[in-house]
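For what it's worth, my numbering labels the leading residue of the sequence shown as 7, then goes sequentially. Glycine included, each C-beta is placed from N, C-alpha and C at the ideal position. Data first, discussion second: the structure below is written as structure tokens.
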Amino acid sequence: MGHGGGRGRRVAEMIAGVVAVAVLMGGCSSGDSVGHGGSGDYGGSEFDRSWTENYCRALGAWQRVRNSAEDGAASDAAEEAGGAVVTAVRRLPSASYEGAGDAPSMLDVTVAALRGDTAAEGRAVDYCATAGFETLTR
Numbered sequence: 007m008g009h010g011g012g013r014g015r016r017v018a019e020m021i022a023g024v025v026a027v028a029v030l031m032g033g034c035s036s037g038d039s040v041g042h043g044g045s046g047d048y049g050g051s052e053f054d055r056s057w058t059e060n061y062c063r064a065l066g067a068w069q070r071v072r073n074s075a076e077d078g079a080a081s082d083a084a085e086e087a088g089g090a091v092v093t094a095v096r097r098l099p100s101a102s103y104e105g106a107g108d109a110p111s112m113l114d115v116t117v118a119a120l121r122g123d124t125a126a127e128g129r130a131v132d133y134c135a136t137a138g139f140e141t142l143t144r
């Protein structure tokens with residue numbers, strides 16, 4: 007029975023270590039804006055860039071699945087891929103996720119794109135292109 011407490015403590019120490027590394031890595035790169043189109047809207051850290059890349063990959067995967075969807079099974083795959091895009095957009099840097107001024111957030115743009123709004127899909131693709139990930143989308 008005494009082993010459970012030690013195991014829990016080791017897990018907590020591992021989590022604390024991972025969080026510490028994440029904080030340090032985010033702080034070390036916070037001034038880096040290479041590949042972000044110079045606008046600063048995409049955040050400067052490597053974590054922000056990674057989340058943006060992840061979003062663009064998920065968007066491109068959804069586009070490919072959607073474009074090849076011809077039957078019910080492919081439609082289910084497109085819905086699943088759409089869920090991955092929504093998960094990815096929620097992890098974008100706050101400036102993108104929240105939107106600026108009257109501009110819609112990337113969450114709003116993405117949801118509209120997933121619902122068939124081609125103009126919104128174009129904005130999502132433009133976001134990826136400006137961030138330097140144009141090859142990940144279609």
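Here's the rule I'm using: 16 or more other beta-carbon atoms within 10 Å means buried, otherwise exposed. How should E140 be labelled? The sequence position of residue 140 within the sequence shown is 134, counting from 1. With fewer than 16 Cβ atoms within 10 Å of its Cβ, E140 is classed as exposed.
Where does G66 land, buried or exposed, given buried means 16+ other C-beta within 10 angstroms? In the sequence shown, counting from the first residue as 1, residue 66 sits at position 60. Classification of G66: buried, given that the 10 Å Cβ count is 16 or more.
What's the C-alpha gap between N1 and P99? Only positions 7 to 144 of the chain appear in the structure, and residue 1 is not among them; the question remains open.
Check for me: the alpha helix (DSSP H) holding G66 runs from which residue to which? The residue labelled residue 66 in the question sits at position 60 within the sequence shown. Going by DSSP, G66 is part of the alpha helix (DSSP H) stretching over 52 to 74.
Check for me: the alpha helix (DSSP H) holding L120 runs from which residue to which? Within the sequence shown, the letter at position 114 stands for residue 120. Element bounds for L120: 112 to 120.
Using alpha carbons as the reference points, say which of A101, L120, D108 lies closest to A64. Working through the sequence shown from its first residue, we reach residue 64 at position 58. For A64, the nearest C-alpha among the options comes from L120.
Note down the Cα distance separating S111 from R96, rounded to an integer number of angstroms. Here residue 111 corresponds to residue number 105 of the sequence shown, with the count starting at 1. Here residue 96 corresponds to residue number 90 of the sequence shown, with the count starting at 1. So the alpha carbons of these two residues sit roughly 10 angstroms apart.
In or out: S81 buried (at least 16 other Cβ within 10 Å) or exposed? What you label residue 81 is simply residue 75 of the sequence shown in a count that begins at 1. Answer is exposed; the Cβ neighbour count stays below 16.
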